[in-house]
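Visitor:
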Amino acid sequence: MRLLPAILLLLSAGALAGERPIRFSVTESWAMPMMRYDESGLAAGGILFDLQTRLAQRVGRRAEMPVLPRLRVQQMLVRGEIDLRCYVNPDWLSEPHHQYIWTVPFMVQRDMLVGRVNELEQPGQRSGERVGTVLGFSYPSLEPLFASGHLHRDDARTQELVLEKLAAGRYRFAVSNQLTMDWFNSRQPVARRLQPLQEVTSELVAWHGAL
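In terms of my numbering, the sequence shown has 1393 at position 152, counting the first letter as 1, and numbering is strictly consecutive.
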């Protein structure tokens, strides 16, 4: 596994003692196929769950994955309450990122502007259009349109809720990463599926830990 040497470096930098579990942060806004939650709201499956479990096993530890609001993750990392933050890009951080050790990127996240299959207009044709977005997420290429009022954010707590609201007709357009949109569509009847309209961003993601 290419990531293992970098993960070992992060763990040694954090001076983990004994057999203490590795504490990976899980952001509550994640959705399948990246993360699945059980009825109690605990992380229970998905691509990142499996990957983090395997990484912990490779270094002989148990994985802990507390589910956290996105804005709390940074505070807990600084206080040493979590060891590794996964699925993040330096450009997404409001704080300086040079204080962290980063792994090599392990995948690409593509954010798409999406609409319902019967939507004929393109986004931006109506001034003041509401667009479904995830609370706390930044969309740099759309920020000028939000700032000017040409588009308005309609935030939901999770990516899945954003897509549910779009499918229900609460707004005509939303931003979603492609993996979650594809997963959502695979579980919908044809008439309720969503269509990608244009790519918003394409960014590499990695793990990082505090020095």
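Every residue gets a Cβ at the ideal spot worked out from N, C-alpha and C, and that includes glycine.
Taking the straight line between their C-alpha atoms, what separation do you get for Thr1374 and Leu1318?
Guide: On the sequence shown, residue 1374 is found 133 positions in, with the first residue counted as 1. On the sequence shown, residue 1318 is found 77 positions in, with the first residue counted as 1. Cα-Cα distance, rounded: 25 angstroms.
Visitor: Where does Ile1288 sit, in a helix, a strand or coil, going by DSSP?
Guide: If you number the sequence shown from 1, residue 1288 lands on position 47. Looking at Ile1288 - three-state DSSP - the assignment turns out to be helix.
Visitor: Indicate the three-state DSSP secondary structure (helix, strand or coil) for Thr1294 in the structure shown.
Guide: Within the sequence shown, residue 1294 is the residue found at index 53, counting from 1. Reduced to three states, the DSSP call for Thr1294 is helix.
Visitor: If I follow the unbroken alpha helix (DSSP H) through Leu1426, where does it start and stop?
Guide: As a working mapping, residue 1426 is identified with position 185 in the sequence shown. What sits at residue 1426 in the sequence shown is Asn, not Leu. Run containing Asn1426: Gln1419 to Ser1427, per the alpha helix (DSSP H) assignment.
Visitor: Would you mind reading off the limits of the alpha helix (DSSP H) that contains Arg1313?
Guide: Within the sequence shown, the letter at position 72 stands for residue 1313. Taken as a continuous stretch (DSSP letters only), the alpha helix (DSSP H) holding Arg1313 covers Arg1311 to Val1319.
Visitor: The alpha helix (DSSP H) spanning Ala1408 covers which residue range?
Guide: Here the question's residue 1408 lines up with position 167 in the sequence shown. From DSSP, the alpha helix (DSSP H) with Ala1408 extends over Gln1400 to Ala1408.
Visitor: Looking only at its own chain, which residues have a Cβ that is under 7 angstroms from the Cβ of Gln1350, when we skip the five neighbours before and after it?
Guide: As a first step, residue 1350 must be located in the sequence shown, where it is residue number 109. Cβ neighbours of Gln1350 beyond the five flanking positions: Asn1418, Glu1444 and Val1446.
Visitor: When the Cα atoms are used, what is the spatial distance from Asp1352 to Ala1415?
Guide: For the purposes of this step, residue 1352 is identified with residue 111 of the sequence shown, where counting begins at 1. For the purposes of this step, residue 1415 is identified with residue 174 of the sequence shown, where counting begins at 1. Cα to Cα, the separation comes out at about 10 angstroms.
Visitor: Would Val1308 and Gly1282 be called neighbours here (beta carbons separated by less than 9 angstroms)?
Guide: As a first step, residue 1308 is located in the sequence shown; it is residue number 67 there, counting from the start. As a first step, residue 1282 is located in the sequence shown; it is residue number 41 there, counting from the start. Cβ distance < 9 angstroms, so Val1308 and Gly1282 count as in contact.
Visitor: Where do the N-terminal and C-terminal ends of the alpha helix (DSSP H) with Leu1386 fall, by residue?
Guide: Residue mapping note: residue 1386 aligns to position 145 of the sequence shown, counting from 1. Here the alpha helix (DSSP H) through Leu1386 covers Glu1384 to Ser1389.
Visitor: Please classify Arg1433: is it buried, with 16 or more other beta-carbons within 10 angstroms of its beta-carbon, or exposed?
Guide: In the sequence shown, counting from the first residue as 1, residue 1433 sits at position 192. That one is exposed.
Visitor: Say whether the segment 1354-1372 touches the segment 1386-1394, bearing in mind that this needs 3 or more beta-carbon pairs closer than 8 angstroms, one atom from each stretch.
Guide: yes
Visitor: Look at Arg1394 and Glu1269 and say whether their C-beta atoms are less than 9 angstroms apart.
Guide: Against the sequence shown, residue 1394 aligns to sequence position 153. Against the sequence shown, residue 1269 aligns to sequence position 28. For Arg1394 and Glu1269, no; Cβs fall outside 9 angstroms.
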